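In the numbering used here, the protein residues as written are 1 to 289.
Below you can see the structure in the form of structure tokens.
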């Protein structure tokens, strides 16, 4: 019996969290572009979204808007991205969320807090010799571990640094809490990529330091029980879960065409955007403070 979460209806029926965005699978993207090959490559999670015409890019713009409108009066500053299990797309989601928020002109930082399987540095092709762990252990000052992203100067990167023997202790330390407070004075948005929520305690620990959590689900991979367990572990420590990003959805398989699917979704949740652009993201950010 297949009890995996595959669709928006599954999220509504079994997970009982709002869906922030739906990210099409690469095959769906290719078909929706009428035979044009997708631009995604193995070297970067940004390859698809950098093509502003792609439906994947549009999906992440929808995610950006969902986040900017998620808190009454003020957009969230610190956002944790996790999943229930490995290989669900949490790092790709974290990177593209940071990228889209930075496109509004805001100062954005993405931190690789997955100290067990860090991936930020490889996606951006930067060094991981210095990073978060060097700062938390007192070896290096903050300005020596944050790196720039040349394509988007207001997006900054904080890789994990060397993998420590005690990830949970470092991430749960007072130094980590102070770091996020300090960074909050310098950046409009901080995106935190963490390990999967069910496998390790790291995500639960970090969730108590941030404004809210995005839970990424790979369509057709995670069982309802595992996703519900991840949700409950986060709620048990008092985390605020913004909602779900349903990743790698095969829109054609589920009988949805792209515009109709999102039209249905955004109408349901009360904010429909017929023609969304980066200007709308800036307006949403301004309106939210």
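Here a beta-carbon is modelled for each residue, glycine too, at the ideal position from N, C-alpha and C.
Predicted model only: the values in this text are computed from it and were never measured.
With contacts defined by Cβ atoms closer than 8 Å, residue 184 and residue 97 do not form a contacting pair. In terms of Cα proximity to residue 207, the closest of 217, 218 and 195 is 195. Under the DSSP definition of a beta bridge, residue 141 lacks any partner.
Taking a cut-off of 8 Å on C-beta distances, the segment 215 to 229 does not touch the segment 143 to 154, as fewer than three cross pairs fall below it. Taking all protein chains shown into account, residue 58 has 16 or more neighbouring C-beta atoms within 10 Å of its C-beta and is therefore buried. When the five nearest sequence neighbours on each side are left out, the beta carbons in the same chain lying within less than 6 Å of the beta carbon of residue 128 are those of 121 and 159, in order along the chain. The C-alpha of residue 118 lies about 6 Å from the C-alpha of residue 112. Comparing C-alpha distances from residue 171 to each of 230, 116, 90 and 251 shows the shortest one belongs to 116. Residue 124 and residue 107 have their alpha carbons spaced roughly 18 Å apart. DSSP lists 218 as the bridge partner or partners of residue 247. Per DSSP, residue 69 lies in no alpha helix (DSSP H) segment and is marked neither H nor E. When the five nearest sequence neighbours on each side are left out, the beta carbons in the same chain lying within less than 7 Å of the beta carbon of residue 76 are those of 67, 70, 211 and 212, in order along the chain. CA-CA distance, residue 233 to residue 86, rounds to 16 Å.
Excluding residues up to 5 positions away in sequence, 17, 82, 83, 84, 197, 227, 230, 231, 234, 241, 243, 244 and 245 lie with their Cβ nearer than 8 Å to the Cβ of residue 215 in the same chain.
If only complete runs of 3 or more residues are kept, the segment 158 to 210 shows the beta strand (DSSP E) at 189 to 193, in order along the chain. The residue among 175, 99 and 126 with its C-alpha nearest the C-alpha of residue 134 is 175.
Excluding sequence positions up to five before and after residue 14, its CB lies within less than 6 Å of the CB of 224, all in the same chain and listed in chain order.
Between residue 205 and residue 5, the CB-CB gap reaches or exceeds 8 Å. A Cβ-Cβ distance of about 7 Å is found for the pair residue 154 and residue 105, placing them in contact under the 8 Å criterion.
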